[in-house]
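Counting from 1005, one number per residue, gives the positions in the sequence shown under our numbering. Positions of the beta carbon are idealized from the N, C-alpha and C atoms, including for glycine.
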Amino acid sequence: MKSLQVAAVLLLLFSGHSLAHTVTFYVHNKCPFPIWPATAPNTGHPVIANGGFYLPPGQMQRFEAPWTWNGRIWARTGCNFNSNWQPACETGDCDGRLQCNGLIGIPPATLVQVALQGDKGKPNFYDVSLVDGYNLPVSVTTRPFSPKCTIGSCSKNPNNFCPQELQVVNKNGEVVACKSACLAFDIDSFCCRNEFGTPEKCKPSVYAKMFKDACPSYYSYAFDMPPPLVNCASKDYVITFCPSAWGTDQASS
1005 MKSLQVAAVL
1015 LLLFSGHSLA
1025 HTVTFYVHNK
1035 CPFPIWPATA
1045 PNTGHPVIAN
1055 GGFYLPPGQM
1065 QRFEAPWTWN
1075 GRIWARTGCN
1085 FNSNWQPACE
1095 TGDCDGRLQC
1105 NGLIGIPPAT
1115 LVQVALQGDK
1125 GKPNFYDVSL
1135 VDGYNLPVSV
1145 TTRPFSPKCT
1155 IGSCSKNPNN
1165 FCPQELQVVN
1175 KNGEVVACKS
1185 ACLAFDIDSF
1195 CCRNEFGTPE
1205 KCKPSVYAKM
1215 FKDACPSYYS
1225 YAFDMPPPLV
1235 NCASKDYVIT
1245 FCPSAWGTDQ
1255 ASS
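So, in structure tokens, the structure goes:
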């Protein structure tokens, strides 16, 4: 009996320790269509949320990450994992898998980038990046809600006015994603590399300005200034795809 009591106490202590060293993400799908959220850790960090899952319209999925986790979260669209054709998803696909298992999705896809600091006294850093392009609008905030800890959504849908040279089109002829200029053209001046590898040398292109006008809270290119990076200490974060305030221009995909 005593050994059972000791085991119970140890279990409680271990559980408390475990909970104290995790951060919770709530991923909400407010799109009028299903999405397949995915996660990919940075080197040296574990896969969380099994690397990916199905999320119907209006539903929320909760999962935990170690309090020092670094990585990215994005949403895949137009997926069909029952077919034999590759890729399985129209946007954000990871080798045709439901669970990405550490693989990074094929761009373009709107990326939520997270760097947790592992101490509630330190802020966690997060941003939304369109450096490789856009597929869906997303907002990020803490729970409870704090305006200073929130990354807002887009006022317009870049897919609706994406230039032809940047468009990703599905088999029905619909624009489902919009590439960045770097991804589309692979030119140093667009990618901020080599002789253009400094903020002084790499300035926003007309394409980056298009993204910035539609989604001012996101990174539109590598040296976006001021950096749209948020740092807030919290144990709970809410990531919402197609948030309700995403703009009257945002038509259903």
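Next on the checklist: In whole angstroms, give me the CA-to-CA distance for Ala1237 and Lys1175.
Outcome noted: 43 angstroms
Checklist entry - What separation, rounded to the nearest whole angstrom, lies between the Cα atoms of Lys1034 and Val1142? => result 10 angstroms
Checklist entry - Ends of the beta strand (DSSP E) at Cys1182? => result Val1179 to Lys1183
Checklist entry - Taking all protein chains shown into account, do 16 or more other C-beta atoms lie within 10 angstroms of the C-beta of Asp1131, making it buried, or fewer, making it exposed? => result buried
Checklist entry - Thr1047: buried (16+ other C-beta within 10 angstroms of its C-beta) or exposed? => result exposed
Checklist entry - Which stretch, first to last residue, makes up the beta strand (DSSP E) that contains Ser1143? => result Val1142 to Thr1146
Item to check | Residue nearest to Ala1044 in terms of C-alpha spacing, selected from Phe1037, Pro1036, Thr1146 and Gly1055 | outcome: Gly1055
Checklist entry - Which residues mark the beginning and the end of the beta strand (DSSP E) in which Ala1079 is found? => result Asn1074 to Arg1080
Item to check | Residue from Arg1076, Asn1105 and Arg1080 whose Cα sits closest to the Cα of Leu1115 | outcome: Arg1076
Item to check | Met1214, buried or exposed, once every other Cβ within 10 Å from all chains shown has been counted against 16 | outcome: buried
Next on the checklist: According to DSSP, simplified to helix, strand and coil, what is Tyr1225?
Outcome noted: coil
Item to check | Pair within 8 angstroms by beta-carbon distance, Ala1212 and Ala1185 | outcome: yes
Checklist entry - DSSP beta-bridge partners for Leu1115? => result Ser1133
Checklist entry - What number of angstroms, rounded off, separates the C-alpha of Gln1121 from the C-alpha of Arg1080? => result 27 angstroms
Checklist entry - Among the residues of its own chain, which have a CB less than 6 angstroms from the CB of Ala1255, if the five just before and after it don't count? => result Residue confidence for Ala1255 is low, a pLDDT of 40 falling below 50, so the modelled location carries little weight; the figure read from the coordinates is stated next. Around Ala1255: no qualifying Cβ.
Checklist entry - What is the DSSP secondary structure of Lys1239, counted as helix, strand or coil? => result coil
Checklist entry - Which term fits His955, buried or exposed, when burial requires 16 or more other beta carbons within 10 angstroms of its beta carbon? => result Outside the displayed range of the chain (1005 to 1257) lies residue 955, so it cannot be described from this structure.
Item to check | Span separating the alpha-carbon of Leu1107 from that of Leu1134 | outcome: 19 angstroms
Checklist entry - If you scan the segment 1164-1213 from start to end, which runs of the alpha helix (DSSP H) of 4 or more residues do you find wholly inside it? => result 1185-1189 and 1192-1195
Item to check | Complete beta strand (DSSP E) runs within the segment 1028-1105 (minimum length 3 residues, chain order) | outcome: 1040-1045, 1064-1070 and 1074-1080
Item to check | Residue environment, Asn1088, which counts as buried when at least 16 other CB atoms sit within 10 Å | outcome: exposed
Item to check | Candidates Gly1109, Ile1155 and Ile1191: closest to Ile1243 by CA position | outcome: Ile1155
Item to check | Buried or exposed by the 16-neighbour rule on C-beta atoms within 10 Å, applied to Asn1164 | outcome: exposed
Next on the checklist: Residues in the same chain with beta-carbon distance under 6 angstroms from Pro1203, minus the five sequence neighbours each way, listed in chain order, please.
Outcome noted: Phe1227
Next on the checklist: Rounded to the nearest angstrom, what separates Cys1083 and Ala1092 at their Cα positions?
Outcome noted: 5 angstroms
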